[in-house]
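Worksheet: the structure to be examined is printed underneath.
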Amino acid sequence: MKKLIEYTKILRSKNAGPLFITFDLMFDSKEKMEYVMNNLTAFAVANAYGVKESDVSIIKYQVVNSIKITFPRKNVSGSLFDDDIYGCQQHIPLSNIEI
Amino acid sequence: MKIVALCGLLGYGYDENSLKNAFMEKVDYLGVDAGSTDPGPYYLGSGKSFTDRNAVKRDLSLALPLALKNKTPFIIGTAGGAGSKEHVFWLKDIIFEIASEQGLHFSLGTVYSDVSKKYVLEKLKSGKVINMSNYFPLSETAIEKSEKIVSQIGVAPIIELLEKQVDVIVCGRACDTAIYAAPLIKNGYDEGLAFHMAKIMECGAMCSEPVAAADVMQAYVYDGYFELTPANPIRRCTVERVAAHTLYEQSNPYLIFEPDGVVDLHDCVFEQVSERTVRVKGSRFTPAKDKTLKLEGVKKSGYRTVSPAVINDPLTIEELPKIINTVNEFVKENVKNTINDGDYNLAYKTAGGKESSLSIIIDVVAKTQEIADTVCALARSRMLHCDYVGRKSSAGNLAFPFSPSDIHVGEVYEFSIFHLVKVGNLKETSVCEVENV
């Protein structure tokens, strides 16, 4: 078991518009991308962020050995309880998922 | 056809020599994006720009005369950062200032894209609103409370102004892609390639190495493919960077949604044709059955006062939940005869923990600035001197980095509308004007 961050070259979060948060995972090999794609579940991501499993989208983008994960923000960007307007510091719970 | 992107965002800067390089050849169109919703709802609400006026003026005062001298139409998207009428005026004021200082004369086209509450209410009543997220539905109340609403225009109004042969176009809120796709679509190029090229170009030299939003990017568009080469010789486009760019800030890397339709990138091919140039082909466009425009609206959520502080004592940090409870109860009791319960929201934003120091921001958003000030001052003073079991540092709990300790932030906004509406005509929310400068 290793933390997800250890498999990736890039692991970042950002708004995809103010209603969604999106994560880009980039790998230095197809094998690592496939391994993570086959072992990372929407359930684990949902658990890490306290969102519904059915709201988590995981898409493989093999053109550049990448995986994209997107789900709706719990707090819309800039709303009273949001504390990361750009959403670019939301990647730590994902980084720490062990697979 | 050669299209040049000045930089990723007007006011973020670019290398002057890059721009001169780009204009060594004929440039058919110059574009730049000037806005984003990334900095949050405040800017649309307040009418202010998140970009700096001097920085925007610097970027324009080099590019504008060069574009005019070379007869290159110059298209600016989402003026003033958020694209409402006020933001358009703000940007046009800078343009007029430059024109007057440099003695420039040209025809200026403007696209306004503000929409009224009535427009959105009618869309809601006739079932023409589409939610972007299930967690953000639209209600009549949300529309009624909205102070500003803008629509993200697509290519149609820009094409209308290009056909009138204006020299410079300033857009209100516009899709980032519309800036660069409009000239190609006007000239009969493939829409899939036009939108895909535009999606990459709108971030300036972000698709190159070393990566930079703050530099000039060039696209050469041919029949069936396009090529990207950075204008600055220190940068190069690589397949990886260009392909990876469609991941950025998108929810799906294979699909680019536009008012006119959707671009499918499943069959897209990226090819390194020279050291600094990448060729792209295979982007496919499918027109939408229902044309849609995205609306953005904000409502006022109140006025904010904050007090930032640091706690270094691990004993205090351990007791913080109890301290916060005491402070909340104290504030409630203190203002019970003067301020209604629902007229303020008192919150604490913390970072760090016992292992290091803990930063805490007392954050109050209230119905008026005065209420926010009062609640914040009470919470701050009570927290500073709050006693707790086992306390040894009894002179004070908070290290304040500033005097004054409380900061009056002013009005606070939040998104009230972020929805698609089905439209009969992609120009139904926009108003185009032409004037001579």
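Sequence lines, in order, name chains A and B.
One rule links them: number in our numbering = place in the first sequence (from 1) + 6.
One rule links them: number in our numbering = place in the second sequence (from 1) + 1337.
Cβ atoms here follow ideal geometry from the backbone N, Cα and C, with glycine treated the same way.
Going by other Cβ atoms of all chains shown within 10 Å of its Cβ, with 16 needed for buried, is residue i buried or exposed?
i	result
lysine 9 (chain A)	exposed
proline 1590 (chain B)	buried
proline 1474 (chain B)	exposed
cysteine 110 (chain A)	With chain A covering 7 to 105 only, the question about residue 110 (chain A) has no answer from this structure.
valine 1503 (chain B)	buried
valine 1768 (chain B)	exposed
alanine 22 (chain A)	buried
glutamate 37 (chain A)	exposed
threonine 1447 (chain B)	buried
phenylalanine 49 (chain A)	exposed
glutamate 104 (chain A)	exposed
glycine 1440 (chain B)	exposed
valine 1647 (chain B)	exposed
threonine 1623 (chain B)	exposed
At the level of alpha carbons, what is the spacing between residue i and residue j?
i	j	result
alanine 1416 (chain B)	asparagine 1662 (chain B)	45 Å
glutamate 1423 (chain B)	serine 1373 (chain B)	15 Å
aspartate 1389 (chain B)	serine 1730 (chain B)	44 Å
valine 1712 (chain B)	valine 1452 (chain B)	37 Å
proline 1379 (chain B)	aspartate 1560 (chain B)	It should be pointed out that residue 1379 (chain B) corresponds to tyrosine in this sequence rather than to proline. Each residue's Cα considered, the two are about 43 Å apart.
glutamate 1434 (chain B)	lysine 1394 (chain B)	9 Å
threonine 76 (chain A)	valine 57 (chain A)	11 Å
isoleucine 1496 (chain B)	proline 1520 (chain B)	7 Å
serine 1476 (chain B)	lysine 1637 (chain B)	16 Å
leucine 1381 (chain B)	serine 1398 (chain B)	25 Å
histidine 1722 (chain B)	lysine 1673 (chain B)	21 Å
aspartate 89 (chain A)	lysine 1686 (chain B)	8 Å
proline 1376 (chain B)	isoleucine 98 (chain A)	21 Å
glycine 84 (chain A)	glycine 1634 (chain B)	13 Å
proline 1494 (chain B)	aspartate 1513 (chain B)	14 Å
leucine 1530 (chain B)	aspartate 1710 (chain B)	54 Å
tyrosine 1562 (chain B)	threonine 1766 (chain B)	32 Å
valine 1760 (chain B)	serine 1444 (chain B)	30 Å
threonine 1642 (chain B)	lysine 15 (chain A)	41 Å
alanine 1400 (chain B)	glutamate 1772 (chain B)	20 Å
alanine 54 (chain A)	leucine 100 (chain A)	7 Å
glycine 1345 (chain B)	arginine 1719 (chain B)	46 Å
For a contact meaning CB atoms closer than 7 Å, what does residue i contact in chain B?
i	result
valine 70 (chain A)	Glu1577, Ala1580, Ala1581
aspartate 30 (chain A)	Leu1584
glutamate 99 (chain A)	It is proline, not glutamate, that sits at residue 99 (chain A) in the sequence shown. What proline 99 (chain A) touches in chain B: nothing, since even the nearest Cβ is about 15 Å away.
Counting along the chain, where does the alpha helix (DSSP H) carrying residue i start and finish?
i	result
leucine 1652 (chain B)	1651-1655
glutamate 1439 (chain B)	For the record, residue 1439 (chain B) in the displayed sequence is glutamine; it is not glutamate. From DSSP, the alpha helix (DSSP H) with glutamine 1439 (chain B) extends over 1422-1439.
aspartate 1513 (chain B)	1513-1523
tyrosine 1456 (chain B)	1454-1462
valine 51 (chain A)	48-55
lysine 38 (chain A)	36-45
lysine 1339 (chain B)	Unbroken run through lysine 1339 (chain B) is the beta strand (DSSP E), 1339-1342; no alpha helix (DSSP H).
leucine 31 (chain A)	No alpha helix (DSSP H) contains leucine 31 (chain A), which is instead part of the beta strand (DSSP E) from 26-32.
lysine 1482 (chain B)	1477-1482
Against residue i, what residues of chain A qualify as contacts under a CB-to-CB distance less than 9 Å, listed in chain order?
i	result
serine 1644 (chain B)	Within 9 Å Cβ-Cβ: nothing; serine 1644 (chain B) doesn't reach chain A, min ~16 Å.
valine 1702 (chain B)	Leu86
phenylalanine 1411 (chain B)	The contacting residues do not exist; phenylalanine 1411 (chain B) stays about 27 Å from chain A at best.
phenylalanine 1667 (chain B)	None at all; the shortest Cβ gap to chain A is about 22 Å.
phenylalanine 1755 (chain B)	Gly23, Pro24, Leu25, Val82
What are the boundary residues of the beta strand (DSSP E) that includes residue i?
i	result
leucine 1630 (chain B)	1629-1648
phenylalanine 1594 (chain B)	1592-1594
threonine 1415 (chain B)	1411-1418
proline 1624 (chain B)	1621-1624
tyrosine 1349 (chain B)	Run containing tyrosine 1349 (chain B): none; DSSP gives neither H nor E here.
isoleucine 16 (chain A)	16-21
phenylalanine 1473 (chain B)	Here phenylalanine 1473 (chain B) belongs to no beta strand (DSSP E), and DSSP marks it neither H nor E.
proline 1376 (chain B)	Unbroken run through proline 1376 (chain B): none, as it is neither H nor E.
arginine 1616 (chain B)	1614-1618
threonine 76 (chain A)	72-78
leucine 1445 (chain B)	1444-1449
asparagine 1468 (chain B)	1466-1468
Interface residues of chain A around residue i at Cβ under 8 Å?
i	result
asparagine 1589 (chain B)	Ser63, Ile65, Lys74, Thr76
asparagine 1682 (chain B)	Leu86
glutamate 1751 (chain B)	Val82, Gly84, Ser85, Leu86
phenylalanine 1607 (chain B)	Val69
Can you name the residues of chain B whose CB is closer than 8 Å to the CB of residue i?
i	result
aspartate 89 (chain A)	Lys1686
Interface residues of chain A around residue i at Cβ under 7 Å?
i	result
glycine 1377 (chain B)	Ser83, Gly84, Ile91
serine 1470 (chain B)	Leu25, Phe26, Pro78
serine 1638 (chain B)	Leu86
phenylalanine 1473 (chain B)	Leu25, Val82
phenylalanine 1563 (chain B)	In chain order: nothing, as chain A lies at least about 17 Å away.
Residues of chain B with a CB under 9 Å from the CB of residue i: which are they?
i	result
asparagine 21 (chain A)	Thr1374, Asp1375, Glu1586
Identify every run of the beta strand (DSSP E) within the region 1533-1602 of chain B, keeping only runs that are complete inside it and at least 3 residues long; order them along the chain. 1554-1558, 1563-1567, 1592-1594, 1598-1601
May I have a chain-ordered list of the beta strand (DSSP E) segments no shorter than 3 residues that lie completely inside the region 1688-1714 of chain B? 1695-1703
I'd like the ranges of any alpha helix (DSSP H) spanning at least 4 consecutive residues and lying wholly in the region 1708-1772 of chain B. none
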